[in-house]
Amino acid sequence: MNPTGKEIPRLKIVNGRVLTPQRIIPNGTVLISGKTIVAVSQGDIDVPDATVLDAGGAYVSPGFIDIHIHGGGGHDFMDGTEDAFLQIAQTHARYGTTALVPTTLTSSRDELFNTLSVYERANRRNTTGARFLGMHLEGPYFALNQRGAQDPRYIRDPDPAEYREVLDRSSAIARWSAAPERPGALAFGDYLRSKGVLAAIAHTDAVYEEVVAAVQHGYSLATHLYSGMSGVSRRNGFRYAGVVESAYLLDELDVELIADGVHLPAPLLQLAYKIKGPDQCVLITDAMRAAGMPPGPSILGSLHNGLDVIVEDGVAKLPDRQSFAGSVATADRLVRTMMTLAEIPLLEAVRMMSSTPARVMGVADRKGEIRAGYDADLVFLDEHLTVQLTMIEGRVVFRREAVPVSA
Ligand SMILES: [Zn+2]
1 MNPTGKEIPR LKIVNGRVLT PQRIIPNGTV LISGKTIVAV SQGDIDVPDA
51 TVLDAGGAYV SPGFIDIHIH GGGGHDFMDG TEDAFLQIAQ THARYGTTAL
101 VPTTLTSSRD ELFNTLSVYE RANRRNTTGA RFLGMHLEGP YFALNQRGAQ
151 DPRYIRDPDP AEYREVLDRS SAIARWSAAP ERPGALAFGD YLRSKGVLAA
201 IAHTDAVYEE VVAAVQHGYS LATHLYSGMS GVSRRNGFRY AGVVESAYLL
251 DELDVELIAD GVHLPAPLLQ LAYKIKGPDQ CVLITDAMRA AGMPPGPSIL
301 GSLHNGLDVI VEDGVAKLPD RQSFAGSVAT ADRLVRTMMT LAEIPLLEAV
351 RMMSSTPARV MGVADRKGEI RAGYDADLVF LDEHLTVQLT MIEGRVVFRR
401 EAVPVSA
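Here's what the structure looks like:
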């Protein structure tokens with residue numbers, strides 16, 4: 001019997017090395033009923049009517065949660081089609097992602113509203129890809145000289161009439177990234193917080209005092225640490241701590257790491273891990289459309305007015321090859337990079353890709369851990385941390401090769 005593609009009433013995963021936040025359970029069993037994990041144990045659980053899925057000694061990891069992602073499989077969330085949303089969700093599911101936060105680029109008002117309504121429709125149809133946890137709006141309230149690949153024509157100060165309208169029209173927004181030093185950004189943070197939307201600091205030139213104010217006004221996450229943000233600066237001889245140092249110093253701030261092994265070298269991954277720890281570091285792909293695709297030419301951002309880029313060496317570059325133009329990472333690669341490049345233990349690398357992002361996004365009551373009562377979002381990983389099988393809410397959505405199953 002082959003469980004691919006359908007939900008089985010009672011499913012028992014046996015012979016797995018089950019990863020929990022605290023330990024690896026050898027010869028672990030995970031019992032699933034419908035969409036939900038109902039029991040986790042060492043050794044077998046006697047359930048006569050259960051279908052058995054043999055993990056064959058693989059690691060059984062909680063599904064990966066990617067809270068900052070723009071695309072994959074040749075599609076970008078800004079393409080404005082339901083198909084793009086669904087294809088991205090399916091592409092990343094093959095690499096172990098079971099939930100993600102679709103992220104916009106700074107765009108025109110019409111494009112943004114279209115993307116939000118496409119999200120709602122795609123979300124209802126998404127039964128075979130990584131689940132959507134709400135949208136992340138990346139911009140437009142950014143510092144102009146920290147904009148990175150964001151379109152400068154749209155960058156501006158927070159406008160209460162505008163953001164109130166956006167949040168009134170769509171309940172799909174889970175997080176919003178902004179530069180807290182822009183006039184109006186503190187009131188914006190308060191407003192986001194009042195609406196239950198996660199406020200993140202991004203593409204910013206703030207100094208420490210401005211970051212402290214941001215934290216007092218609801219900002220609680222530093223978007224892609226080191227990318228598009230200030231470090232130590234000097235004015236008239238005096239040094240000022242930037243956003244990087246502030247994120248390290250302030251316990252209220254969680255941090256995102258683009259852990260593709262290209263954007264941040266080993267010592268910076270290790271430094272972030274050493275200072276913030278696995279419960280405050282969130283691994284993100286920040287992937288553009290070329291994730292999960294072969295190297296070669298691609299487009300950053302929308303198909304209509306995006307930037308031509310070239311994908312090589314595991315990263316997207318501007319055509320002159322002088323700067324990066326986006327990540328092409330998948331979640332499994334982030335976990336491998338943290339282990340092999342940054343030499344961080346497996347359990348903690350997985351934690352930064354599962355329970356920590358679940359907590360940051362407010363879904364830790366049902367996702368991010370292999371635990372009774374939680375969604376049956378699981379990934380089988382072999383010795384090389386290659387994804388062998390992905391299960392989302394009790395349904396196998398991807399398998400690399402035949403994994404023995406018996407009724
Ligand atoms: Zn991004």
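Numbered according to my numbering, the sequence shown terminates at residue 407, and the numbering increases by one at each position without gaps.
Beta carbons: idealized from backbone N, C-alpha and C, even for Gly.
From L250, G296, R124 and H75, residue whose alpha carbon lies closest to that of G134: R124
Beta-bridge partners of Y59, as assigned by DSSP: R17 and L381
Cut-off 8 Å between Cβ atoms - residues of its own chain near A179, not counting five sequence neighbours on either side: Y141, F142, A143, Q146, A185, I201, A202, H203, T204, D205 and A206
Residue burial classification, D49 (beta-carbon count within 10 angstroms, cutoff 16): exposed
Nearest-angstrom Cβ-Cβ length linking V387 and L378, presumed shorter than 8 Å: Not quite, the Cβ-Cβ distance comes to about 11 Å (not below 8 Å), so this is no contact.
Three-state secondary structure (DSSP) of A290: coil
Nearest-angstrom Cα separation, counted from A214 out to T97: 31 Å
Under 7 Å, CB to nearest heavy atom of ligand 1: contacting residues: H68, H70, T103, E138, H224 and D286
Check whether L334 and I284 have beta carbons under 9 Å apart: yes
Exposure of P9, with buried meaning 16 or more beta-carbon neighbours within 10 Å: exposed
CB of G72 within 9 Å of CB of A291, strictly: yes
Backbone secondary structure at K367 - three-state DSSP: coil
Rounded Cβ spacing between L221 and D254 (contact assumed at less than 8 Å): 5 Å
CA nearest to the CA of I69, picked from A376, G242, Y273 and A331: A331
CA nearest to the CA of P62, picked from V397, D251, E162 and L347: L347
Alpha-carbon to alpha-carbon, D46 and R175: 43 Å
Completely contained beta strand (DSSP E) runs for the stretch 236-269, where each covers 3 or more residues: 238-240 and 254-258
Of the listed residues E165, G373 and T223, nearest to H136 (C-alpha basis): T223
Where Q87 falls: helix, strand or coil (DSSP): helix
Helix, strand or coil at E181 according to DSSP, with G and I counted as helix: coil
Cα-Cα separation between R153 and G57, rounded to whole angstroms: 53 Å
Sub-9 Å separation of L100 and A84 beta-carbons: no
Coarse secondary structure for T340, derived from DSSP in three states: helix
Paired residues, beta bridge with S298 - DSSP: V309
Strand pairing of G134, partner residues [DSSP]: Paired residues: none, contrary to the question.
Ligand 3 heavy atom lying under 8 Å from the CB of A342: This structure does not include ligand 3; its bound ligands are ligand 1.
Proximity of V397 and A93 at Cβ, strictly below 9 Å: yes
Same chain, Cβ closer than 8 Å to R359, five either side skipped, listed in chain order: D279 and G368
Spatially closest choice to G306 from S246, S117 and A149, by CA coordinates: A149
Beta-carbon proximity list for E401, same chain, < 6 Å, skipping 5 on both sides: none
Residue burial classification, M1 (beta-carbon count within 10 angstroms, cutoff 16): Low per-residue confidence applies at M1: pLDDT is 40, beneath 50, and the placement is therefore not dependable, though the value from the model is reported in the following sentence. Looking at its Cβ environment, which holds fewer than 16 other Cβ atoms inside 10 Å, M1 is exposed.
Beta carbon of R336 nearer than 9 Å to that of H384: yes
Exposure label - S171; buried when at least 16 CB within 10 Å: exposed
Integer-rounded CB distance, given that G80 should sit under 8 Å from T115: 6 Å
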